[in-house]
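Right, one structure below, let's go through it.
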Amino acid sequence: MTARILDGNALAATVRGRLAERAAALTARGVQPCLAVILVGQDPASAVYVRNKVRGCEAAGMRSLKFDYPADVAQQAVFERIAALNADPAVHGILVQLPLPPQFDADRVLEAVAPEKDVDGFHAENVGALMQGHPRFVPCTPAGVMEMLKSENVPLAGAEAVIVGRSNIVGKPMAMLLLAQSCTVTVCHSRTRDLTGHCRRADILVAAVGKAKMITGDRIKPGATVIDVGINRDASGKLCGDVDFESAKEVAGLITPVPGGVGPMTITMLLANTLVSAERALALAGGRR
Ligand code: GUN
């Protein structure tokens, strides 16, 4: 069997088209959705992600502001920038690109972002809202995965969902979202015994560990939906996921490629969160600016 490919670029283009229409409608009412991105340091991968986020905003008719700081900047300067953005009514979303340099207390920085502008969904208040089952901003990568599953009508209620990876950015919120859709959720990690046994039971397998090609075809249940969140380089320097695509596609029923799978949907959900934030701001202003 050869799996169907879940094309993240195609889905992202469709969703972004709809977002652009809503952004244009808001802009016509005097509120152009605006995302502010803070980047500290020179991490090349982060620079690429941030560039794609800024470009995504522009293509959808949203504004973006980018603030670059050297890796040795004082934490206080970043706090002051966040405070100014929190107070600026023209800014609807604030994103601090991770990872931050080691002298930063990342938790404190994320908590400094106003929860109503936290389009990454990383503030404790938004994490708590997601856990309680009434999410306000959902972290973008797991939100994008849910959109992908929905677009393919993948059956969720009662399905065995296995997530490999327990990060705050992907694994944990992914578990909450799948649980909210009545999946039976297992979260695996570096200390899991019998990872293969868990993976082979999965109707839906989400790989989010950051280890190139670790999920091979023999770890996949025939016909399963396989979602690859990883972005790695293989031995020859080529971009690849956490899933060994070549062997996995012979076993899975549906599979996301890398690149062109989850990645484009992550940025799409960031744009969606920013747009929703701007719509809420307008509604809070009584529909008037
Ligand atoms: N670094 C890796 N993924 C993310 C993300 O989704 N948001 C932010 N802010 N930083 C990241």
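Residues in the sequence shown are numbered consecutively from 773, following our numbering. Using N, Cα and C, we set each Cβ at its ideal position, and we do this for glycine too.
Please work out which residues of its chain come closer than 8 Å, Cβ to Cβ, to residue i, disregarding the five sequence neighbours upstream and downstream, and give them in chain order.
i	result
residue 774	1021, 1022
residue 967	936, 960, 991
residue 798	804, 805, 1047, 1050, 1051, 1054
residue 813	841, 842, 843, 872, 873
residue 861	1053
residue 919	783, 787, 1037, 1040, 1041
residue 929	953, 954, 955
By the 10 Å Cβ neighbour count, where 16 or more other Cβ atoms means buried, how is residue i classified, buried or exposed?
i	result
residue 1017	buried
residue 864	buried
residue 993	buried
residue 906	exposed
residue 974	buried
residue 1045	buried
Out of curiosity, what's the CA-to-CA distance linking residue i and residue j?
i	j	result
residue 965	residue 827	42 Å
residue 934	residue 910	19 Å
residue 1059	residue 785	29 Å
residue 946	residue 874	26 Å
residue 949	residue 845	36 Å
residue 877	residue 977	32 Å
residue 981	residue 848	32 Å
residue 854	residue 932	41 Å
residue 889	residue 881	14 Å
residue 917	residue 776	16 Å
residue 955	residue 944	14 Å
residue 893	residue 904	14 Å
Ignore the nearest five residues each way along the sequence and tell me which others in residue i's own chain have a CB closer than 6 Å to its CB.
i	result
residue 1032	780, 781
residue 810	839, 868
Please return the same chain residues whose Cβ sits closer than 7 Å to the Cβ of residue i, not counting the five positions on each side in sequence.
i	result
residue 818	811, 869
Would residue i pass as an interface residue toward chain B - the criterion being a Cβ-Cβ separation below 8 Å?
i	result
residue 781	Here there is only one protein chain, and chain B is not present.
Taking contact to mean at least 3 C-beta pairs separated by less than 8 Å, is the segment 1004-1016 in contact with the segment 785-804?
-> In the pairwise beta carbon analysis, the segment 1004-1016 is classified as not touching the segment 785-804: fewer than three pairs are separated by under 8 Å.
Residue ranges of each beta strand (DSSP E) within the segment 819-906, 3 or longer | 835-841, 865-868
Jot down the residue ranges of each uninterrupted alpha helix (DSSP H) in the segment 920-1000, minimum 4 residues, whole runs only, in chain order.
-> 943-952, 967-972
Give a yes or no on contact between the segment 897-908 and the segment 835-847, applying the rule of three or more CB pairs nearer than 8 Å.
-> no
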